[in-house]
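J.:
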Amino acid sequence: MNKPQSFFHLHLISDATGETLLAAGRAASAQYKDARAIEHIYPLIRTEKQVAKVFEDIEEEPGIILYTVVDQKLARGIDDRCAAMGLPCVSVLEPVLSVFQSYLGTPAGRRVGAQHVLDAEYFRRIDALNFTMEHDDGQLPANMDDADIVLIGISRTSKTPTSIYLANRGIKTANIPIVLGVPVPESLVNARTPLIVGLIATAERISHVRQNRILGNSSSYEATDYVDRASITEELAYARQICTRHGWPMIDVSRRSIEETAAAIVALRGKSR
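First residue of the sequence shown? That's 942 in the working numbering, and the numbers climb one at a time after it.
(1) Check whether the Cβ atoms of I1095 and P1124 lie closer than 8 Å to each other.
(2) Specify the secondary structure class of G1027 as computed by DSSP and reduced to three states.
(3) For the alpha helix (DSSP H) holding E1001, just list the boundary residues, first then last.
(4) Rounded to the nearest angstrom, what separates M1074 and E1176 at their Cα positions?
(5) Where does G959 sit, in a helix, a strand or coil, going by DSSP?
(6) I'd like the list of long-range same chain contacts for T958, defined as Cβ closer than 6 Å, with 5 residues on each side in sequence excluded.
(7) Classify M1026 as buried or exposed, calling it buried when 16 or more other Cβ atoms lie within 10 Å of its own Cβ.
(8) Starting from the C-beta of V992, find all residues in its chain whose C-beta is less than 8 Å away, skip the five residues before and the five after it, and write them out in chain order.
(9) What residues in its chain sit with their C-beta under 8 Å from that of E1000, if we drop five residues either side in the sequence?
(10) What did DSSP end up calling S1161 once you bin it into helix, strand or coil?
(11) Taking buried to mean at least 16 other C-beta atoms within 10 Å of its own C-beta, is D1068 buried or exposed?
(12) Under 6 Å Cβ to Cβ from D1086, same chain only, skipping five residues before and after it: list those, please.
(13) How many Å lie between P945 and K1100 at the Cα?
(14) Between the alpha carbons of A978 and S1039, how many angstroms are there, rounded?
(15) With burial defined as no fewer than 16 other Cβ atoms inside 10 Å of the residue's Cβ, what is the status of F1064: buried or exposed?
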């Protein structure tokens, strides 16, 4: 018998954007299938006055507090308020900074938002995002050699979201759809620079995703073959044939999240270098 799902409040206090906290909080919450976190995110908290306002909200809906605040005075203030209220509180970055300090033999600079500086890495990511958006769904196929990675696959194999995720890591990613009976562009076959990866899935998975797409389409949409599993099986066989012929690796995305698929692609890229 399934337990009824319970809810708890998760308060995330950050002196920057809160992305690190959100990822950590969700990773931990995902381990508790019968409990769902109600997230309260407080970004750019850098003064005692702001901290006081945050705790006014926490008093209304108490719960777990996670924070990333590099100013040690503010951090102590958060710890003290949590202790007084009897609420669990964790500084997510502090244990990591302690390990770095122990190994490197020097304390951290404690710069607020240091991971978001407008440096060369930042602009490399922006450049990759621009490239990826311009080369989505087979656009601009002539310059495939400018890509770091090219993803190919039939419709609904998560090519676009995976491409964007990789671009956010600074990897120029193009994606090209495989259509039954239509050859892939010669520019792709002749490309020497990018890693080319085929994304596949089970026919059942693709049929389910395509069906949801049709149901969400506001216009009348007749596409029997589009969701037919026998037709999808043909499409997949054609995609596998193309990848096998050219020696391109394939990744089954049926049970993978976008993040897991991207991690597998990055691992392949490391081996191919």
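From the three backbone atoms N, C-alpha and C, an ideal C-beta is built for every residue, glycine too.
T.: Once the coordinates are examined:
(1) Here residue 1095 corresponds to residue number 154 of the sequence shown, with the count starting at 1. Here residue 1124 corresponds to residue number 183 of the sequence shown, with the count starting at 1. Taking 8 Å as the Cβ cut-off, I1095 and P1124 do not qualify as a contacting pair.
(2) What you label residue 1027 is simply residue 86 of the sequence shown in a count that begins at 1. In this structure, DSSP gives G1027 a state outside helix and strand, which the three-state scheme calls coil.
(3) Position 60 of the sequence shown, counting from 1, holds the residue named residue 1001. Per DSSP, the continuous alpha helix (DSSP H) segment holding E1001 begins and ends at E989 to E1001.
(4) As a position in the sequence shown, residue 1074 is number 133, starting the count at 1. As a position in the sequence shown, residue 1176 is number 235, starting the count at 1. Near 25 Å, if we compare the C-alpha coordinates of E1176 and M1074.
(5) Numbered from its first residue, the sequence shown carries residue 959 at position 18. Looking at G959 - three-state DSSP - the assignment turns out to be coil, as it is neither helix nor strand.
(6) On the sequence shown, residue 958 is found 17 positions in, with the first residue counted as 1. The residues are P984.
(7) Translated into positions along the sequence shown, residue 1026 becomes position 85. Only exposed fits M1026, as fewer than 16 other CB atoms lie within 10 angstroms of its CB.
(8) Here residue 992 corresponds to residue number 51 of the sequence shown, with the count starting at 1. Contacts found: I954, I986, L1015, G1018, I1019 and R1022.
(9) Here residue 1000 is taken as the residue at index 59 of the sequence shown, counted from 1. Once the five neighbours on either side are set aside, the close Cβ partners of E1000 are M1026.
(10) The count along the sequence shown starts at 1 and reaches residue 1161 at position 220. For S1161, the pLDDT reaches just 45, beneath the cut-off of 50, and the residue's location in the model is therefore unreliable, although a value from the coordinates is still provided. Looking at S1161 - three-state DSSP - the assignment turns out to be coil, as it is neither helix nor strand.
(11) Here residue 1068 is taken as the residue at index 127 of the sequence shown, counted from 1. Around the beta carbon of D1068, fewer than 16 other beta carbons sit within 10 angstroms, so the residue counts as exposed.
(12) Translated into positions along the sequence shown, residue 1086 becomes position 145. These residues qualify, in order along the chain: A1132 and T1134.
(13) Locating residue 945 in the sequence shown gives position 4, where the first residue counts as 1. Locating residue 1100 in the sequence shown gives position 159, where the first residue counts as 1. Rounded to the nearest whole angstrom, the C-alpha separation of P945 and K1100 is 36 Å.
(14) Here residue 978 refers to the residue found at position 37 when the sequence shown is read from its first residue. Here residue 1039 refers to the residue found at position 98 when the sequence shown is read from its first residue. Approximately 28 Å between the Cα atoms of the pair.
(15) As a working note, residue 1064 is residue 123 in the sequence shown. Per the 10 Å Cβ criterion, exposed.
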